[in-house]
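The structure under discussion appears below in the form of structure tokens.
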Amino acid sequence: MTDLNGHEFYRRPLNETNSNLTTSAGARQAGWIAGAGNSAFALTLPVTEQMNHRGIRVIHRYTDDAAGNGDYIDWWSPEIDINTGFQSLNGGTVYYDPATGQLATGWRNVAGNNYYFADGYQMKPGSDDWVYNDQLHGQMYTGVQWADGHCYDFGRDGVAHAQSWNDGWSWPFPASGEGSFAFGQGFGYNWAGRTNSYHDGLDFGAYDHPGADVHAVHGGRVIDIATVRDQQARDLWWYALVWDGRTLFVYQEAFSNRSRIIVNVGDLVYPGQVIGYRDLSHLHLGMNTSPNYRMDLAHSYQPNWTDSSQATGSGSWIDPEWALRVRPY
Ligand SMILES: [Zn+2]
Numbered sequence: 000m001t002d003l004n005g006h007e008f009y010r011r012p013l014n015e016t017n018s019n020l021t022t023s024a025g026a027r028q029a030g031w032i033a034g035a036g037n038s039a040f041a042l043t044l045p046v047t048e049q050m051n052h053r054g055i056r057v058i059h060r061y062t063d064d065a066a067g068n069g070d071y072i073d074w075w076s077p078e079i080d081i082n083t084g085f086q087s088l089n090g091g092t093v094y095y096d097p098a099t100g101q102l103a104t105g106w107r108n109v110a111g112n113n114y115y116f117a118d119g120y121q122m123k124p125g126s127d128d129w130v131y132n133d134q135l136h137g138q139m140y141t142g143v144q145w146a147d148g149h150c151y152d153f154g155r156d157g158v159a160h161a162q163s164w165n166d167g168w169s170w171p172f173p174a175s176g177e178g179s180f181a182f183g184q185g186f187g188y189n190w191a192g193r194t195n196s197y198h199d200g201l202d203f204g205a206y207d208h209p210g211a212d213v214h215a216v217h218g219g220r221v222i223d224i225a226t227v228r229d230q231q232a233r234d235l236w237w238y239a240l241v242w243d244g245r246t247l248f249v250y251q252e253a254f255s256n257r258s259r260i261i262v263n264v265g266d267l268v269y270p271g272q273v274i275g276y277r278d279l280s281h282l283h284l285g286m287n288t289s290p291n292y293r294m295d296l297a298h299s300y301q302p303n304w305t306d307s308s309q310a311t312g313s314g315s316w317i318d319p320e321w322a323l324r325v326r327p328y
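The opening position of the sequence shown corresponds to residue 0 in numbering that gives the first Met the number 0, with each subsequent residue numbered one higher.
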């Protein structure tokens, strides 16, 4: 018994001492040969736990060696799938790869259709930590979801249909478009007045980019709305986090209280949608490759971070001015 890569699970000898030579099934198998009598062999080959969710093959080996390693002739069975492909697990649907026995994650093309399977990471409720949830590992996406930076309707059957009208980009204050940015508003190492002279986003000032309506620059799902407090526990500002499966968008320093943000955690937002009303001096837009905002925030003054003990591993700040001009995806 082997997997599809030739790895052997086990072998069983099949001869006149350990096989059942007299079953009616065996007799039937050879019944078309005149005089074959009890020449057919029958042996039960149990499915072990290691074989579950894999494609396997049975090699029938005719050999002159008791251990099965001498002169031989093999006959290979076709692929036999043991609970592979789409299966139910934890109340959802998952997909077992026959070649590896592992749950599929990310994109997978099956019979010409594209499906997306969750990696198991999700926002921990009430925090900015992105934690591993075993129940979600491999779960097939259904309904309208953002994956890898784009919006899809996965319906009930999980087949991805691109929602191309939800893609694209917007300036946060479209009336002034790109507008202009003063010294220190831009991204990166640009102003010695900051810690490490590093700015992890782009500031849209109320003077250079007027207007209260803050438009989403890209679509995604709202994964958190929370406040940053000073050392006296007073609110400095409220922020909203939008994750599109590829980039985290941080809208902060623009909203003095929760009521200025008009979306809710779990909402899907689309490019250009108004998500809140600025009533502070500027909007700081941050973009990071990691949804783990607690880690992003802890590395506000560095271009990137890596931490293998964290669920999402690493994060890098992206220049929003570049992204909004180039529209990289
Ligand atoms: Zn800023």
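Backbone N, C-alpha and C fix where the C-beta goes; we use that ideal spot for every residue, glycine too.
Note that this is a predicted model, so its numbers are computed, not measured.
With a threshold of 16 other CB atoms inside 10 Å of the CB of residue i, please say whether the residue is buried or exposed.
i	result
Ala-24	Bear in mind that a pLDDT of 49 at Ala-24, under 50, signals an unreliable position, so the number given afterwards is only what the model happens to contain. Exposed: under 16 other Cβ atoms inside 10 Å.
Trp-190	exposed
Val-241	buried
His-208	buried
His-198	buried
His-298	buried
Trp-164	exposed
Phe-182	exposed
Gly-137	buried
Tyr-238	buried
Gln-134	exposed
Pro-124	exposed
Looking at residue j and residue i, is the spacing between their C-beta atoms short of 8 Å?
i	j	result
Phe-203	Leu-88	no
Val-216	Gly-265	no
Val-249	Gly-271	no
Asp-70	Arg-60	no
Thr-288	Ser-315	yes
Asp-127	Asp-223	yes
Trp-129	Asn-291	yes
Gly-244	Trp-106	no
Phe-186	Asp-80	no
Tyr-114	Met-139	yes
Met-0	Ile-55	yes
Tyr-206	Ser-196	no
Trp-304	Ser-313	yes
Please return the same chain residues whose Cβ sits closer than 7 Å to the Cβ of residue i, not counting the five positions on each side in sequence.
i	result
Thr-22	Model confidence at Thr-22 stands at a pLDDT of 49, short of 50, so the residue's coordinates are unreliable; what they give is reported in the following sentence. Correct list, in chain order: Ala-41.
Gly-219	Trp-145, Val-241, Trp-242, Asp-243, Phe-248 and Val-268
Gly-157	Thr-92, Tyr-114, Met-139, Tyr-140 and Thr-141
Go through its chain and collect everything with a Cβ distance to residue i's Cβ below 6 Å, but skip five positions before and after it.
i	result
Gly-275	Val-213, Phe-254, Arg-259, Ile-260 and Ile-261
Gly-192	none
His-167	Note on residue identity: the sequence assigns Gly, not His, to residue 167. Closer than 6 Å at Cβ, skipping near neighbours: Pro-270.
Asp-118	Thr-104
Going by DSSP, name the residue or residues bridged to residue i.
i	result
Gln-144	Tyr-151
Ser-331	There is simply no residue 331 to check, as the chain begins at 0 and stops at 328 in what is shown.
Ala-225	Tyr-238
Ile-55	Asp-2 and Ile-79
Asn-113	Asn-108
Gln-301	Gln-301 pairs with nothing; no bridge assigned.
His-214	Val-273
Quick check: does the Cβ of residue i come within less than 7 Å of any heavy atom belonging to ligand 2?
i	result
Met-286	With respect to ligand 2, the structure offers nothing, as its ligand set consists of ligand 1.
Please return the same chain residues whose Cβ sits closer than 8 Å to the Cβ of residue i, not counting the five positions on each side in sequence.
i	result
Tyr-95	His-52, Arg-53, Asn-82, Thr-83, Gly-84, Gln-86, Gln-101, Leu-102 and Ala-103
His-160	Tyr-151, Asp-152, Phe-153 and Gly-154
Gly-324	Here the sequence assigns Arg to residue 324, which means Gly is not the residue at that position. Contacts found: Glu-177.
Leu-44	Met-0, Arg-11 and Val-57
Gly-210	Phe-172, Ala-174, Ser-175 and Arg-277
Check whether chain C comes within 8 Å of residue i, counting only Cβ atoms and requiring the distance to be less than that.
i	result
Asn-82	Chain labels in this structure do not include chain C; a single protein chain is all it has.
Closer than 6 Å: residues whose CB approaches a heavy atom of ligand 1: His-198, Gly-200, Asp-202 and His-283
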